[in-house]
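Student: Going by the working numbering, the sequence shown wraps up at 968, each residue one higher than the last. One structure coming up, written as C-alpha cells, with questions to follow.
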Amino acid sequence: MKKKESDNSMEKIISLCKRRGFVFPSSEIYDGFAAVYDFGPYGVELANNIKKEWWKAMTQLRDDIVGLDSAIFMSPKIWEASGHVKGFSDPLTECRKCHARLRLDTLLEEAGVFADEKMTEEEINLIFEANRGKIKCPVCGASDFTPGRKFNLLVQSNLGNFTGDWTKEPTYLRGETCQGIYVNYKNVLDSARVKIPFGIAQIGKAFRNEITARQFIFRTREFEQMEMQYFVKPGEDMKYFEAWRAARWQFYLNLGISAENLRWHKHENLVFYAKEAYDIEYNFPFGFKELEGVHARGDYDLTQHTKYSGQDLNYLDPATNEKFTPHIVETSAGVGRTFLALLTEAYREEKTGTLEDGTAETRIVLKLAPKLAPIKIAVFPLLKNKPELVGKAREIFDKLKLTWRCEFDDNGNIGKRYRRQDEIGTPYCLTIDFDTLENSEVTVRDRDTMQQERINIDELENFFRSRI
Ligand code: ATP
C-alpha cells in the first residue's frame with residue numbers, strides 16, 4: 501500500500517516517536533547530542549522485533565549460517581588492513597557564511613550533478629568547481645563554500661592507551677560490524693563444522709563521524725547494523741549474489757513493506773575490489789534512500805587480513821583438496837533505517853466518523869505486522885474502580901503475558917485507550933466487562949478493522965496464536 505499522505509509525514513512520524521515513546525533525541529535535558537538517538541519503551545520493543553526477525557531469517561531458518569557477537573573494540577591493525585584508516589572518508593565542505601559542515605557529494609547530487617564519496621579529493625573538487633553556481637547551502641542559502649576535503653569517519657578512542665596522548669595511536673570504535681566477522685572467519689571455520697558456502701551473521705553497534713546528520717534516525721553517528729558475510733568458492737560469487745538479492749528483497753516484503761516502496765540501486769562507481777554492488781532503497785518521506793547494501797566483495801577482505809596478520813586464511817576444500825581464498829557476498833542492513841521504513845510504511849491517519857460540528861473524526865494508527873508490533877495485546881478492565889473487573893483483567897493479563905508482550909491499561913475511557921494502542925500499533929485490545937464475570941467472554945477489538953468480537957477466555961490463546 502502506497503502511503504505518502506502529506507509532505508510533512510516525516511514531522512508527523514518524529515512527533516509520534518517522541519509522544520509515544522519510540523525514539524528520544526539523545527541527552528535531551530542537556531540540549532541534546534547531535535546525530536544520536538535513544539529508543540524509548542516502545543522503540544526498543546520494535547527494534548528488538550526487527551532484530552529477532554533478521555536473526556531468525558539468517559540463522560534459525562538456514563543451516564548454512566552461524567551467528568557471532570564480536571566486540572566493538574578490536575586491534576587498530578584491523579582498521580588499517582581494511583583500508584578504513586586511510587580511506588573511510590566522505591568529502592566535506594563548509595559554508596563560509598553560516599559555517600554549516602556539509603557532505604559535498606550529497607550537495608552535488610541534490611543539484612543533479614553526479615558525484616560520490618569514493619571520488620578522490622581532486623576529482624570531486626574539479627566537479628565542484630565546474631558546478632559551484634548550482635549549489636546553495638541548505639541551511640542559509642549562501643553559495644560560498646570552502647574547497648572539498650576528505651574527512652575520515654572513524655571514531656577514535658583512548659581504550660587501553662595510558663600515555664596521555666592517545667591521538668597518535670588511537671583505537672577505534674568499529675565503523676562497521678563485518679570486520680569482526682572477517683577476523684573470526686577462521687575461528688568459526690575451525691569450531692562450528694561449517695563448509696563453504698557458509699555465512700556468519702552479526703548484529704551490533706557501529707560508529708561513524710557522519711558529517712551531516714539530518715533526517716532523524718536515518719543517518720546517526722551511533723547505529724546498529726545487521727550484517728551477514730557469505731563465504732563462497734571463487735567463481736561462484738554471482739550465483740550466490742543473485743540468490744541473496746532475492747532473499748533480502750523478500751525479507752522486507754515479509755516485514756510488511758510494499759514492493760512499490762522498494763527499489764534497487766545499482767552502484768555505477770564500484771570500489772576497485774568489488775564485483776557487483778546493489779542497494780535496496782526505501783521510499784522514505786524524503787525520497788528513495790539506501791536501506792541495505794548487497795555487495796559481492798571478491799576476496800579483498802580475507803586477502804587484506806592475511807597480508808596484515810600474517811595468518812593463512814585460505815580454505816582447504818575437504819572434497820577436492822583444493823586451497824583457495826573464499827570470496828564474500830555481503831548483506832548489510834541498518835536497524836534504525838528498517839525501523840524508520842517500517843514506521844513510514846505503517847503510519848496512517850484514518851477518518852473514523854464525523855463529529856457533531858461536522859468535522860472529521862480521525863485516528864492515527866500504526867499498521868505494523870503483528871510480529872513487529874511493540875505490544876501484541878492490550879488488556880483493559882472496563883472500569884478502574886471495580887475490583888472484580890480489575891481482578892479478572894489482571895488474571896487474563898498474567899496468563900497472556902507468558903506468551904506475548906502485553907500491556908495492562910485501566911486509565912481513561914475505553915475510546916482513549918484504543919486510540920493510544922492504535923498509535924503504538926497494538927493489533928488487539930481486549931476488554932473485560934460485567935458480562936465477562938457472567939459468561940467468561942471478553943471483547944477483542946481488531947486494530948485494523950476496528951471490529952469487535954466476543955471470545956471465550958478459554959479460546960483466547962488459540963485465537964491469538966493463529967493471528968500473531
Ligand atoms: P550511506 O551511503 O547512506 O552513508 P553506506 O553505503 O555508507 O550508507 P554501508 O556502509 O553500506 O552504508 O552500511 C550498511 C548499512 O548500514 C546501510 O545500508 C544502512 O542501513 C546502515 N547505515 C550506514 N550508515 C548509517 C548511519 N550513519 N546511520 C544509520 N544507519 C547507517
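Where a beta carbon is used, it is the ideal one built from N, C-alpha and C, also for glycine. Just so it is clear, the structure is predicted and the values come from calculations on it, not from any experiment.
For L755, does the three-state DSSP call read helix, strand or coil?
Tutor: Three-state DSSP puts L755 in coil, outside helix and strand.
Student: May I ask you to check if the CB of T671 is nearer than 6 Å to at least one heavy atom of the ligand ATP?
Tutor: Every heavy atom of the ligand ATP is 6 Å or more from the Cβ of T671, so no.
Student: Just tell me which of R748, N631 and L602 has its CA closest to the CA of F614.
Tutor: Among R748, N631 and L602, the Cα nearest to that of F614 is on N631.
Student: If you measure from each residue's Cβ to the nearest non-hydrogen atom of the ligand ATP, which ones come out under 6 Å, in chain order?
Tutor: Here the list is E676, R708, E710, R719, T720, F723, Q725, E790, L791, E792, G793, S832, A833, G834, G836 and R837.
Student: To which residues of the same chain is E722 closer than 7 Å at the C-beta, ignoring the five residues directly before and after it?
Tutor: Correct list, in chain order: V536, K705 and F707.
Student: Measuring alpha carbon to alpha carbon, tell me which residue in L866, C929, P927 and L937 is nearest L489.
Tutor: The structure shown does not extend to residue 489, since the chain is modelled only from 501 to 968, so the question has no answer here.
Student: Report the rounded CA-to-CA distance for S506 versus L654, giving the unit in angstroms.
Tutor: Residue placement at S506 is poorly supported in this model, since its pLDDT is 47, which falls under 50; the coordinates still yield a value, given next. For S506 and L654, the distance between alpha carbons rounds to 37 Å.
Student: Restricting to runs no shorter than 4 residues, where is the alpha helix (DSSP H) found entirely within the segment 638-691?
Tutor: With a minimum length of 4 residues, the continuous alpha helix (DSSP H) runs that stay inside the segment 638-691 are 678-683 and 685-691.
Student: Kindly indicate which residue of K686, D605 and T838 has the alpha-carbon position closest to the one of L546.
Tutor: Taking only the C-alpha atoms, the option nearest L546 is T838.
Student: Output the boundary residues of the beta strand (DSSP E) element that contains T854.
Tutor: Start and end: Y847 to T854.
Student: What is the rounded straight-line gap between the Cα of A743 and the Cα of N709?
Tutor: The alpha-carbon atoms of A743 and N709 are separated by roughly 33 Å.
Student: Can you tell me where the alpha helix (DSSP H) holding I514 begins and where it ends?
Tutor: Residues S509 to R519.
Student: Just curious, the alpha helix (DSSP H) that G587 is in, first and last residue?
Tutor: Residues H584 to G587.
Student: Please determine, among D909, I828 and D605, the residue with the shortest C-alpha to C-alpha distance to E623.
Tutor: Cα-wise, what sits closest to E623 is D605.
Student: Could you name the residues that DSSP lists as bridge partners for C598?
Tutor: According to DSSP, C598 bridges with nothing at all.
Student: Please determine, among K884, L659 and N962, the residue with the shortest C-alpha to C-alpha distance to T903.
Tutor: The shortest Cα separation from T903 among K884, L659 and N962 belongs to N962.
Student: With DSSP collapsed to three states, give me the class of R863.
Tutor: If DSSP states are grouped into helix, strand and coil, R863 belongs with the strands.
Student: Classify T926: buried if its beta carbon has 16 or more other beta carbons within 10 angstroms, exposed otherwise.
Tutor: By the neighbour-count rule (16 or more Cβ atoms within 10 Å), T926 is buried.
Student: Identify, in the order they occur along the chain, each residue of the same chain with its Cβ nearer than 6 Å to the Cβ of S509, setting aside the five sequence neighbours on each side.
Tutor: Excluding positions up to five away in sequence, the list reads P785.
Student: According to DSSP, S832 sits in a beta bridge with which residue or residues?
Tutor: Answer is E727 and G793.
Student: For T859, is the beta carbon positioned less than 6 Å from some heavy atom of the ligand MG?
Tutor: No copy of the ligand MG appears in this structure; the ligands present are the ligand ATP.
Student: What separation, rounded to the nearest whole angstrom, lies between the Cα atoms of E553 and D922?
Tutor: So the alpha carbons of these two residues sit roughly 22 Å apart.
Student: Evaluate M558 with the Cβ neighbour count: other Cβ atoms within 10 Å of its Cβ, from every protein chain shown; 16 or more gives buried, anything less gives exposed.
Tutor: With 16 or more other Cβ atoms within 10 Å, it is buried.
Student: Distance check for R603 and T852, CA to CA, integer angstroms please.
Tutor: Each residue's Cα considered, the two are about 44 Å apart.
Student: Is P977 helix, strand or coil when you go by DSSP?
Tutor: Beyond the ends of the chain as shown, which are 501 and 968, falls residue 977; an answer cannot be given.
Student: If you follow the beta strand (DSSP E) that V944 is part of, which residue opens it and which one closes it?
Tutor: Run containing V944: E941 to D946, per the beta strand (DSSP E) assignment.
Student: Looking at the strands, I want to know which residues DSSP matches up with E895.
Tutor: Answer by DSSP bridge pairing: none, since E895 is not bridged.
Student: Give the single residue among G798, A878 and Q729 whose Cα lies nearest to the Cα of L770.
Tutor: Minimum Cα distance to L770 is reached at G798.
Student: Are G699 and I565 close, meaning C-beta to C-beta below 7 Å?
Tutor: In contact: G699 and I565 (Cβ atoms closer than 7 Å).
Student: Measure the C-alpha to C-alpha separation of N625 and F908 and round it to an integer number of angstroms.
Tutor: The straight-line gap from Cα to Cα measures roughly 59 Å.
Student: Can at least three beta-carbon pairs, one atom from the segment 724-733 and one from the segment 826-838, be found at a separation below 8 Å?
Tutor: A contact exists between the segment 724-733 and the segment 826-838.
Student: Would you mind working out which of S643, F539, G532 and E959 sits nearest R520, comparing C-alpha positions?
Tutor: Closest option to R520, Cα to Cα, is F539.
Student: Does the beta-carbon of Y815 have 16 or more other beta-carbons within 10 angstroms, so that it is buried, or is it exposed?
Tutor: Buried.
Student: For the beta strand (DSSP E) containing I700, name the first residue and the last one.
Tutor: Here the beta strand (DSSP E) through I700 covers F698 to F707.
Student: State buried or exposed for W764, treating a residue as buried only when at least 16 other CB atoms are found within 10 Å of its CB.
Tutor: Counting Cβ neighbours within 10 Å, W764 comes out exposed, since fewer than 16 surround it.
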